[in-house]
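Novice: I'd like to ask some things about the structure below.
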Amino acid sequence: MGKTALVVDDSPTMRQMVAFTLTNAGFKVVEAEHGKDAIAKIAGGPKVDIVVTDLNMPEMDGISLIKELRKMASFKFTPILMLTTESAADKKQAGKEAGATGWIVKPFNPEVILKVIAKVLPA
Ligand SMILES: [Mg+2]
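Below you can see the structure in the form of C-alpha cells.
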C-alpha cells in the first residue's frame, strides 16, 4: 500500500518539486503552505507516514509545526524531515529539540531526499 507524505513549504515552486519527487517515488502527497495549513489538512485526513517541512514560513514555522505534531499521538513516531536553507547549528539544535528526525539543507536534491527518506522510513 502506498505511503502518504505531508509536504509543507511556503514556496510553491519548492513544494511542487518535493511533491513531484515523492509522487514519482510512489507516495501520495498532501501539500500545505505553512504550519497552520498543515495542521488543518491532516485533521481527519489520511494517516501520514512522513513529513517534509520547511523552516521559515508565515503563520506557523517548521519548528512550531514539529512541536504541535509531536503532541499528537498519531505523529509521535512519524519521521519528520526539515528541508531548509538554514544550516546554523542553533537552528538545527532547536529542530532536534522540537522533535525533527533529520535536517536537509537546500538546494533541493531529489536523490538526497529519497535517500534520507529510505533511511528513516521503514519499507
Ligand atoms: Mg520558506
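Following our numbering, the numbering of the sequence shown begins with 871 at its first residue and continues without gaps. The C-beta atom is built at its ideal place from N, Cα and C for all residues, glycine as well. Computed from a predicted structure; not experimentally measured.
(1) Can you list, in chain order, the residues of its chain whose CB lies under 6 Å from that of D919, leaving out five sequence neighbours each side?
(2) Thinking C-alpha only, which one of P992, E981, A993, L991 is nearest T891?
(3) Would you report the Cα separation of F897 and A913, rounded to the nearest angstrom?
(4) Would DSSP call L925 helix, strand or coil?
(5) Please report the residue range of the beta strand (DSSP E) in which V918 lies.
(6) When every heavy atom of ligand 1 is checked, does at least one fall within less than 8 Å of the C-beta of L951?
(7) Going by the DSSP bridge assignment, what does G914 pair with across the sheet?
(8) Could you say if the region 971 to 991 and the region 935 to 951 meet the contact criterion of at least three C-beta pairs nearer than 8 Å?
(9) By the DSSP assignment, the beta strand (DSSP E) with G972 in it spans what residues?
(10) If you follow the beta strand (DSSP E) that L951 is part of, which residue opens it and which one closes it?
Specialist: Once the coordinates are examined:
(1) Mapped onto the sequence shown, residue 919 falls at position 49. Excluding sequence neighbours, D919 sits near K873, T874.
(2) By one-based count along the sequence shown, residue 891 stands at place 21. Measuring from the Cα of T891, the nearest candidate turns out to be E981.
(3) To locate residue 897, count along the sequence shown from 1; it is residue 27. To locate residue 913, count along the sequence shown from 1; it is residue 43. Spanning the two alpha carbons is a distance of roughly 19 Å.
(4) Residue mapping note: residue 925 aligns to position 55 of the sequence shown, counting from 1. L925 falls in the coil class under three-state DSSP.
(5) Residue numbering aside, residue 918 sits at position 48 when the sequence shown is read from its first letter. First-last for V918: undefined, no H or E at that position.
(6) For the purposes of this step, residue 951 is taken as the residue at position 81 of the sequence shown. No, since every heavy atom of ligand 1 falls outside the 8 Å radius drawn around the Cβ of L951.
(7) Position 44 of the sequence shown, counted from the start, is the residue given in the question as residue 914. For G914, which the question treats as bridged, DSSP gives no partner whatsoever.
(8) yes
(9) Here residue 972 refers to the residue found at position 102 when the sequence shown is read from its first residue. Its beta strand (DSSP E) spans residues 972 to 975.
(10) Position 81 of the sequence shown, counted from the start, is the residue given in the question as residue 951. Looking at the DSSP string, the run of the beta strand (DSSP E) that includes L951 is 950 to 954.
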